[in-house]
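Asks: Residue numbers (the working numbering): 1276 to 1517.
Positions of the beta carbon are idealized from the N, C-alpha and C atoms, including for glycine.
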């Protein structure tokens, strides 16, 4: 219901300058770019970041987006001058589920700022963060929702050989302090860890600012990523860069 206002505001902005192309991100911005293209004759390209029909396959009833999302995406695939895919799977989904023409798809992989995310001194990073120097640390970083699959990591920790002292650091949530009232997934995972006797080996850090993240990647021994569905995995790339 807000897209008409969004489009009017964007139209006023675009008319104040000179633009060769409009790059939309996600289907809602795509609706606005489509309207701008029709009104002003400026071509638009689109990066979806996630696709409704793919999400529905994995999320099923948990997908709360309106049913018309997929039809809107199909229109955008048809009308866009170019569709930007992020990986080969994205290309396959666009062609198989949306009828996109391969010749109108360009693949531009996701990237990270390698000036900010780069290898560093693990011991120094741990000292800055107040983390123990001799402990084996696993890191998960990202949104805390069920589809991230952190329960699988905790279940795996419970199956490790006796005497294993690996610890899991969980960065993310809706508040700087880990609060299960604000981020219910924290409560679910805390209960799961406690049930396996791992309460003292699974630590929730809370949400961090982007500039704080490189030290956490560098300080960890292992980065874990086990989502059941992940449309836009930037954190694993940041981890690899570090």
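1. Determine the extent of the alpha helix (DSSP H) in which residue 1344 is found, giving its start and end residues.
2. Does the pairing of the segment 1389 to 1405 with the segment 1479 to 1492 give three or more beta-carbon distances under 8 Å?
3. Quick one: residues in its chain with C-beta nearer than 7 Å to the C-beta of residue 1284, no 5 flanking neighbours on either side, listed in chain order?
4. Between the Cα of residue 1302 and those of 1440, 1463 and 1354, spot the shortest distance and give me the residue it belongs to.
5. For residue 1463, which option in 1359, 1369, 1486 and 1422 has the closest C-alpha, if you only look at C-alpha atoms?
6. Cβ atoms of residue 1310 and residue 1351: under 8 Å apart, would you say?
7. Thinking residue 1325 and residue 1506 are a contact (beta carbons under 8 Å), I'd like their distance in whole angstroms, please.
8. Where are the beta strand (DSSP E) runs, 3 residues long or more, that stay fully inside the segment 1463 to 1497, in chain order?
9. Quick one, which of 1276, 1454 and 1357 has its alpha-carbon nearest residue 1321's?
10. Where does the unbroken alpha helix (DSSP H) through residue 1429 begin, and where does it stop?
11. Between residue 1495 and residue 1304, what straight-line distance do the alpha-carbon atoms span, to the nearest angstrom?
Replies: In short:
1. 1344 to 1354
2. yes
3. none
4. 1354
5. 1422
6. no
7. 4 Å
8. 1477 to 1481
9. 1357
10. 1425 to 1433
11. 37 Å
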